[in-house]
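For reference, the structure discussed in these notes is given below.
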């Protein structure tokens, strides 16, 4: 298995783009955006499921490689040098000494570098930026996403600007 080329599809017009061509919005549809409306031209990732399946790649293989073949990065070495993810999952069987009638699991993401599940996404953004020689990342956040991005970027020697809306 190896890294697959990531492509995007515009949710407005359906045009397909290479990850090398665009970063955020469809360049055609974004020009028609109205600041009082949700944005046009939002891109969605087209995962190469068919290609992976034709190569005989199984779910077990993807899991063993931590799903790297589905991520928008070419090299695991570009991820931050921090332990992110693979945090414990705890089964809760009772609350206040009363058995609960369903299965409940709690994910302990307090073991991530900034104590947030948002470290996972920030790590990918940082690695993607590193691979494309982007040294500054900007985000809008009022909380965890901003602190996560700042912490991850610091570990990668990148600049992070957090804008509070």
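Residue numbers (my numbering): -12 to 152. Each residue gets a CB set at the ideal place from its N, CA and C atoms; glycine is no exception.
Contacting residues, own chain, Cβ-Cβ under 7 Å from residue i (five flanking each side not counted)
i	result
residue 133	126, 149
Nonlocal neighbours in the same chain, by C-beta distance under 8 Å from residue i, ignoring five residues either side
i	result
residue 146	122, 123, 124, 140
residue 85	none
DSSP-derived helix/strand/coil call for residue i
i	result
residue 70	coil
residue 49	helix
residue -7	coil
residue 60	coil
residue -12	The pLDDT assigned to residue -12 is 49, lower than 50, so where the model puts this residue is not dependable; a value taken from the coordinates is nonetheless given after this. Coil, per DSSP.
Residue i versus residue j - alpha carbon distance
i	j	result
residue 46	residue 23	42 Å
residue 26	residue -1	10 Å
residue -8	residue 15	22 Å
residue 76	residue 21	43 Å
residue 87	residue 105	29 Å
residue -4	residue 35	13 Å
residue 28	residue 8	14 Å
residue 115	residue 108	11 Å
residue 10	residue 19	17 Å
residue -12	residue 2	The pLDDT assigned to residue -12 is 49, lower than 50, so where the model puts this residue is not dependable; a value taken from the coordinates is nonetheless given after this. If you take the alpha carbons of residue -12 and residue 2, they lie about 27 Å apart.
residue 48	residue 40	11 Å
residue 82	residue 129	32 Å
residue 42	residue 78	36 Å
residue 152	residue 97	26 Å
residue 44	residue 90	31 Å
residue -6	residue 80	42 Å
residue 32	residue 95	28 Å
residue 120	residue 65	11 Å
Chain-order list of residues whose beta-carbon lies under 6 Å from that of residue i (same chain, five-residue window excluded)
i	result
residue 99	71, 106
residue 57	34
residue 12	28
Nearest-angstrom Cβ-Cβ length linking residue i and residue j, presumed shorter than 8 Å
i	j	result
residue 110	residue 67	5 Å
residue 144	residue 101	Between residue 101 and residue 144 the Cβ distance is about 17 Å, and since that is not below 8 Å, they are no contact.
residue 73	residue 103	Incorrect: roughly 15 Å between the Cβ atoms, too far for contact.
residue 112	residue 136	7 Å
residue 69	residue 5	Actually they do not touch by this definition, with Cβ atoms about 29 Å apart.
Residue i: CB within 7 Å of a non-hydrogen atom of the ligand FMN
i	result
residue 109	The ligand FMN is absent from the structure shown, which contains no ligands of any kind.
**Report entry** alpha helix (DSSP H) segments (min. 4 residues) lying fully within the region 89 to 142
**Finding:** 105 to 118
Query raised in the report: What are the uninterrupted segments assigned as alpha helix (DSSP H) that are 4 or more residues long and contained completely in the region 0 to 42, given in chain order?
Result: 36 to 41
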